[in-house]
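Inspection log for the structure reproduced underneath, given as structure tokens.
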Amino acid sequence: MSEIKVDNLTGKTTANDITVTVGASATMSLEQGLAKAWGHFTMSSTTPRDSFNISSLTDDKTGIFTADYVSNMSSVNYSPSTGGTHRDAVSESGWVLAVQHAGSGADDMTTGELSLSAHNGTSALVDTVQATFQIFGDLA
Amino acid sequence: MSELRADTITASDGTSPVTLTKQEAAKAWSNIGQIGTQVIRDSFNISSISDIAVGRTQITVTSSFANNTYHANLTLRMQSTVSNAGSCGGIDTSDGTSSITTSQHQLSYRQAGGADTDTPYGGSLILGDLA
């Protein structure tokens, strides 16, 4: 097995375009497969337990937090995924963590921030003790 | 500081997958809308989507997976004080795995009350091995 040790990888032809072999024959864009931001936090604190490319967390109201990015996304069409937590027999469970929208579409998710909401089985907003999210897409 | 510039990186035998030390790249992701004509707003390794039923979307990937045991995570969407379409969802399966193949998986969205509902904002994140 060979190993290359290097601090930076840059596309030779296009800076953010490196093709890697990822299957027996399949190849893919390295840049498209890398998470651009992620976070792990509790809604009782605006200091994340751990994060990547997150500049700050804001406690908007019960069950709703906003995460701001250090490096912005290139459009609002990126792909966020979330994870909540469930505590048996505890009413404040935030078992669903979702992307929060004030309107009816994707327009409320901006290139610089994302709002997340936690709710329980009756759809009431609740502060969850553990929230996680991941962002994939293109940086600006 | 060192910097390597290359357009393509392959394992030293010229064909095998590259190992990313202590990390793994996503193999597919999508941002879709189900309202009206279903649309792909942005995606990676997604070739097409099909409107299967209310709240359901079948996603076909460009490069297939090595098996049907890959990991899939959904985008869930919450809108306070309204119907919350898309606030619940999952990978649609009739018996646990039958709807998931190496090239396709289905998304199923519901509102808080449990009824199948088209969501204005959904998608999936897939991790696993490509064929």
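Listed in order, the protein sequences are those of chains A and B. Under the working numbering, the first residue of the first sequence carries the number 1, and numbering increases by one thereafter. Under the working numbering, the first residue of the second sequence carries the number 1001, and numbering increases by one thereafter. In this text, a Cβ means the ideal position worked out from N, Cα and C, and glycines have one as well.
- Residue contact check for residue 69 of chain A against chain B: no CB pair falls below 8 Å.
- Identification of chain B residues near residue 18 of chain A by a Cβ-Cβ cut-off of 8 Å yields 1006, 1007, 1008 and 1009, ordered along the chain.
- For residue 33 of chain A, there is no enclosing beta strand (DSSP E); the residue is found in the alpha helix (DSSP H) stretching over 30-33.
- Judged by DSSP secondary structure, residue 37 of chain A falls within the beta strand (DSSP E) whose first and last residues are 37-41.
- Under the 8 Å criterion on CB atoms, residue 44 of chain A is classed as non-interfacial with respect to chain B.
- Boundaries of the beta strand (DSSP E) harbouring residue 61 of chain A: 54-61, taken from the DSSP string.
- Residue pairing of residue 1071 of chain B in beta bridges, as defined by DSSP: B:1127.
- By the Cβ criterion, the stretch 106-125 of chain A is in contact with the stretch 51-68 of chain A, since at least three pairs of Cβ atoms, one from each stretch, lie closer than 8 Å.
- Residues of chain B whose Cβ lies closer than 7 Å to the Cβ of residue 26 of chain A are, in chain order, 1063, 1130 and 1131.
- Separation of residue 74 of chain A and residue 111 of chain A (C-alpha to C-alpha, rounded to the nearest whole angstrom) is 6 Å.
- Within the same chain, and ignoring the five residues on either side of residue 1088 of chain B in sequence, the residues whose Cβ sits closer than 8 Å to its Cβ are 1076, 1109, 1110, 1111, 1112 and 1114.
- Judged by DSSP secondary structure, residue 134 of chain A falls within the beta strand (DSSP E) whose first and last residues are 131-136.
- DSSP, reduced to helix, strand and coil, places residue 82 of chain A within a strand of the structure shown.
- With respect to chain B, the C-beta atom of residue 12 of chain A has a partner C-beta closer than 8 Å.
- With its beta carbon at least 8 Å from every one in chain A, residue 1107 of chain B lies outside the interface.
- Identification of chain A residues near residue 1031 of chain B by a Cβ-Cβ cut-off of 8 Å yields 77, 78, 79, 106 and 137, ordered along the chain.
- By the Cβ test, the stretch 40-50 of chain A is not in contact with the stretch 1002-1013 of chain B, since fewer than three Cβ pairs between them sit closer than 8 Å.
- Ranked by Cα distance from residue 96 of chain A, the first of A:72, A:76, A:10 and A:131 is A:131.
- Counting along the chain, no beta strand (DSSP E) covers residue 1111 of chain B, and no H or E run does either.
- Here DSSP, grouped into helix, strand and coil, assigns residue 1035 of chain B to coil.
- Taking the C-beta atoms as reference points, residue 140 of chain A is found no nearer than 8 Å to residue 1026 of chain B.
- Proximity of residue 1090 of chain B to chain A, defined by a Cβ-Cβ separation below 8 Å, is not satisfied.
- In the structure shown, the three-state DSSP call for residue 111 of chain A is coil.
- For residue 1110 of chain B, no CB of chain A lies under 8 Å from its own CB, so it is not counted at the interface with that chain.
- When Cβ-Cβ separations below 8 Å define contact, residue 33 of chain A makes contact with chain B.
- Residue environment: residue 4 of chain A is assigned as exposed (fewer than 16 neighbouring CB atoms within 10 Å of its CB, all protein chains considered).
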